[in-house]
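K.L.:
Next up is a structure, given as structure tokens.
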Amino acid sequence: MRFSRMLIPTMKEAPSDAVLTSHILLLRAGFIQSSGGSGLYNLLPLGKITLDKVRAVVKDELDKAGCNEVHLPMVTPLSLWEETGRADKFGKELLRFKDRHENSFTLSPTNEEAMVNLVRQTVKSYKQLPLNVYQINWKFRDEVRPRFGLMRGREFLMKDAYSFHSTTQDMQREFALMEETYKKIFTRLGLEFKVVEADSGAIGGAGSKEFMILADSGEDTIMVCDSCDFGANIEVVSEDEKVCPKCGGALSQTKGIEAGHIFQLGTTYSKPMRAEFLNKNQKLEPFVMGTYGIGVSRLLAGIIEQNHDEKGAIWTKESAPFLVDIIVAKAKNAEQMEVAERVYSELQLKGIDVILDDRADKKIGFGVKIKDFELIGIPYAVVIGNDISNGNVELIRRDGLTKEIVSLDSIVELLIERLT
RNA sequence: CGGAGUGUAGCGCAGUCUGGUAGCGCACCUGGUUUGGGACCAGGGGGUCGAAGGUUCGAGUCCUUUCACUCCGACCA
347 MRFSRMLIPT MKEAPSDAVL TSHILLLRAG FIQSSGGSGL YNLLPLGKIT LDKVRAVVKD
407 ELDKAGCNEV HLPMVTPLSL WEETGRADKF GKELLRFKDR HENSFTLSPT NEEAMVNLVR
467 QTVKSYKQLP LNVYQINWKF RDEVRPRFGL MRGREFLMKD AYSFHSTTQD MQREFALMEE
527 TYKKIFTRLG LEFKVVEADS GAIGGAGSKE FMILADSGED TIMVCDSCDF GANIEVVSED
587 EKVCPKCGGA LSQTKGIEAG HIFQLGTTYS KPMRAEFLNK NQKLEPFVMG TYGIGVSRLL
647 AGIIEQNHDE KGAIWTKESA PFLVDIIVAK AKNAEQMEVA ERVYSELQLK GIDVILDDRA
707 DKKIGFGVKI KDFELIGIPY AVVIGNDISN GNVELIRRDG LTKEIVSLDS IVELLIERLT
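In the working numbering, the protein residues as written are 347 to 766.
Here is the structure:
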């Protein structure tokens with residue numbers, strides 16, 4: 347991709363109404379913009395690419411774990427919500443509207459009912475179990491107070507998975523598998539996180555765990571054990587609790603961003619919705635269920651909260667919109683441009699996502715390009731400048747902003763080595 | 001939903017107290033000079049001052065109503 351052809355409206359100043367680092371940086375670096383309503387954002391090209399990358403990691407790990415991706419409509423008949431009583435329970439957060447025939451619908455804030463409906467129409471026998479179906483789709487919640495950009499938008503991208511089982515034991519096996527799968531996802535994304543015991547809230551069910559991205563700006567307070575891997579949301583333990591219930595170690599308090607939540611549901615939804623299968627003894631039984639969510643768009647905010655400096659974002663390898671930014675110091679210099687084009691196409695041939703900052707406008711000098719690189723947070727920049735007369739280019743690593751002189755002949759090879 | 005604040009050009013803001021031709025910086029357009037860390041000079045385009053109503057010869061400014069957005073709190077997979 348060429349910088350000159352991409353819509354990347356970077357800003358020196360942040361809109362005054364943004365206070366959270368990730369919100370400010372996503373706006374300033376041109377990843378998102380307000381679409382005019384509270385908690386609603388346009389994803390600009392960089393934001394869309396980044397979200398797709400994060401989404402791909404989530405999908406890849408779920409598919410490896412044997413989950414089935416499907417797609418449900420964002421619009422769900424309200425009647426499904428009435429079957430479980432959640433039409434009332436969810437209250438005003440559930441956006442409702444009517445079609446031209448006066449039928450009531452909702453914009454889905456989550457999809458337990460719709461997914462149970464899908465499965466009860468399809469799965470009739472224990473032989474078809476277990477089953478894990480998921481989607482990565484936009485959700486809408488009419489939040490009381492949307493805030494902090496992608497952190498708590500009204501519309502947000504969520505991966506929601508639902509598993510169906512014939513026994514509680516098998517559901518618990520899947521629950522453990524999902525915990526491991528989530529750990530792989532968060533690790534691949536380069537996040538420092540903690541799995542904590544949590545309250546099940548409006549979703550209901552027996553047990554649940556949250557995946558917290560550790561960040562001072564997190565909205566959740568969690569207690570973590572200094573000695574073992576125990577952690578709990580403050581909702582489920584006393585704030586005065588000083589001793590780990592698991593190993594007796596010392597508990598300390600920290601802040602986290604809830605990016606994932608997994609639940610052991612049991613028959614909370616399958617019973618009222620009469621979602622049943624025939625067991626070996628030819629008797630009908632309700633499905634035993636689990637449900638597993640990841641806030642995919644929130645992950646973008648979380649990654650920045652954890653990875654940034656005073657100059658801008660620092661994307662991790664698996665989340666970065668591009669891995670390499672080729673900066674042509676003087677785009678009007680034919681020789682520099684030629685060298686840059688060559689490095690650009692070689693990297694592309696090797697399958698590395700690269701952006702070529704070929705902007706030649708007289709107002710866009712070297713300084714602007716470097717500032718944009720730092721603000722956007724691409725892992726590496728290759729500066730093609732005067733030093734090519736000596737056969738050298740400069741390699742800048744975004745994390746730490748360390749610089750090194752590299753010979754033109756070896757730059758592509760070096761980058762491949764660093765990036766794979 | 002309670003409390004606080006803000007709405008003036010794409011972004012950041014001044015002007016409102018004390019009514020009198022709509023301003024500044026950045027961004028944008030044209031020309032020239034620059035060119036390795038957000039350049040300089042000259043010229044230029046862009047506004048129904050959130051909306052409605054009122055007071056007044058005259059309203060961005062005063063009054064009333066209303067809407068939106070942000071922050072704190074409560075709430076929240």
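Note that the Cβ used here is the ideal one computed from N, Cα and C, for glycine as well.
Output needed for I650: all residues of its chain with C-beta closer than 6 Å, excluding positions within five of it in sequence on either side, in chain order.
P.N.:
Excluding positions up to five away in sequence, the list reads S368, L371 and A659.
K.L.:
Quick one: measure Cβ to Cβ for F633 and V465, integer angstroms, because I've assumed they're closer than 8 Å.
P.N.:
About 7 Å separates the two Cβ atoms, so the contact holds.
K.L.:
Per DSSP, A364 forms a beta bridge with which residues?
P.N.:
DSSP output for A364 lists no bridge partner at all.
K.L.:
Runs of 3 residues minimum, wholly inside the segment 428-460: which ones carry the beta strand (DSSP E) assignment?
P.N.:
Taking only runs of at least 3 residues, the beta strand (DSSP E) segments lying wholly in the segment 428-460 are 442-444 and 450-453.
K.L.:
Can you give me the Cβ contacts of T456 inside the same chain, cut-off strictly under 8 Å, excluding the 5 residues immediately before and after it?
P.N.:
Same-chain partners within the cutoff: K485, M504, D506, I549 and G639.
K.L.:
Please report the Cβ distance between G723 and R743, rounded to the nearest whole angstrom; I am assuming they are in contact, meaning their Cβ atoms lie under 8 Å.
P.N.:
Actually they do not touch by this definition, with Cβ atoms about 12 Å apart.
K.L.:
Helix, strand or coil for E604, going by three-state DSSP, please let me know.
P.N.:
Of the three classes helix, strand and coil, the one that applies to E604 here is strand, per DSSP.
K.L.:
Let me make sure I understand the geometry here. Which of I568, I608 and K601 has the alpha-carbon closest to that of C590?
P.N.:
Looking at the Cα atoms, I568 is the closest of the given residues.
K.L.:
Compare the beta carbon distance of G512 and L477 with 7 Å and say whether it is the shorter of the two.
P.N.:
Reading off the sequence, residue 512 comes out as Ser, not Gly. Taking 7 Å as the Cβ cut-off, S512 and L477 do not qualify as a contacting pair.
K.L.:
Buried or exposed for Q767, please, with buried defined as at least 16 other CB atoms from any protein chain shown within 10 angstroms of its CB.
P.N.:
Past the boundaries of the shown model lies residue 767; the chain is included only from 347 to 766, so the question cannot be answered.
K.L.:
Is the separation between the beta-carbon of E750 and that of L741 shorter than 7 Å?
P.N.:
The answer is yes: Cβ separation under 7 Å.
K.L.:
Might you give, ordered along the chain, the residues of its own chain that have their beta carbon closer than 6 Å to the beta carbon of I730, omitting 5 neighbours on each side?
P.N.:
Only V674, Q682, V685, A686 and V739 meet the Cβ criterion.
K.L.:
Would you tell me roughly how many angstroms separate the C-alpha atoms of V728 and V670, rounded to the nearest one?
P.N.:
Near 7 Å, if we compare the C-alpha coordinates of V670 and V728.
K.L.:
How do the segment 526-538 and the segment 604-617 stand: do at least 3 beta-carbon pairs fall below 8 Å, yes or no?
P.N.:
Verdict: yes, contact present.
K.L.:
Compute the Euclidean distance between the alpha carbons of K805 and I710, then round it to the nearest angstrom.
P.N.:
Outside the shown range of the chain, which is 347 to 766, sits residue 805, and nothing can be said about it.
K.L.:
Short of 6 Å in beta carbon distance, which residues of its chain neighbour F315, apart from the five on each side in sequence? Order them along the chain.
P.N.:
Nothing in the structure corresponds to residue 315, since the chain is present only between 347 and 766.
K.L.:
Using 6 Å as the cut-off, classify the Cβ of V421 as near or not near the heavy atoms of the ligand MG, replying yes or no.
P.N.:
Here there are no bound small molecules, and the ligand MG is not part of this structure.
K.L.:
Kindly indicate which three-state DSSP category T513 falls into: helix, strand or coil?
P.N.:
Note: T513 maps to coil in three-state DSSP.
K.L.:
Counting only the same chain and skipping the five closest in sequence on each side, list residues whose C-beta sits under 8 Å from that of L765.
P.N.:
Answer for L765: K663, L669, V670, I698, P725 and Y726, listed in chain order.
K.L.:
Straight-line CA distance for S643 to L560?
P.N.:
Whole-angstrom Cα-Cα distance: 17 Å.
K.L.:
From R500 to V490, what distance separates their C-alpha atoms?
P.N.:
Those two C-alpha atoms are separated by around 9 Å.
K.L.:
Rounded to the nearest angstrom, what separates S767 and P355 at their Cα positions?
P.N.:
Lying outside 347 to 766, the shown extent of the chain, residue 767 is not represented and no answer is given.
K.L.:
E556 and V570 look like a contact to me (Cβ under 8 Å); what is the Cβ gap, rounded to whole Å?
P.N.:
No, E556 and V570 are not in contact; Cβ-Cβ is about 12 Å, not under 8 Å.
K.L.:
Is the Cβ-Cβ distance between K696 and I757 less than 7 Å?
P.N.:
Not closer than 7 Å, so no.
K.L.:
Going straight from the alpha carbon of M347 to that of I395, what length do you get?
P.N.:
Roughly 12 Å separates the two Cα atoms.
K.L.:
Pick out whichever of R432, N679, L721 and I672 has its Cα sitting closest to the Cα of G707.
P.N.:
Strictly speaking, residue 707 in this sequence is Asp, with Gly absent from that position. Looking at the Cα atoms, N679 is the closest of the given residues.
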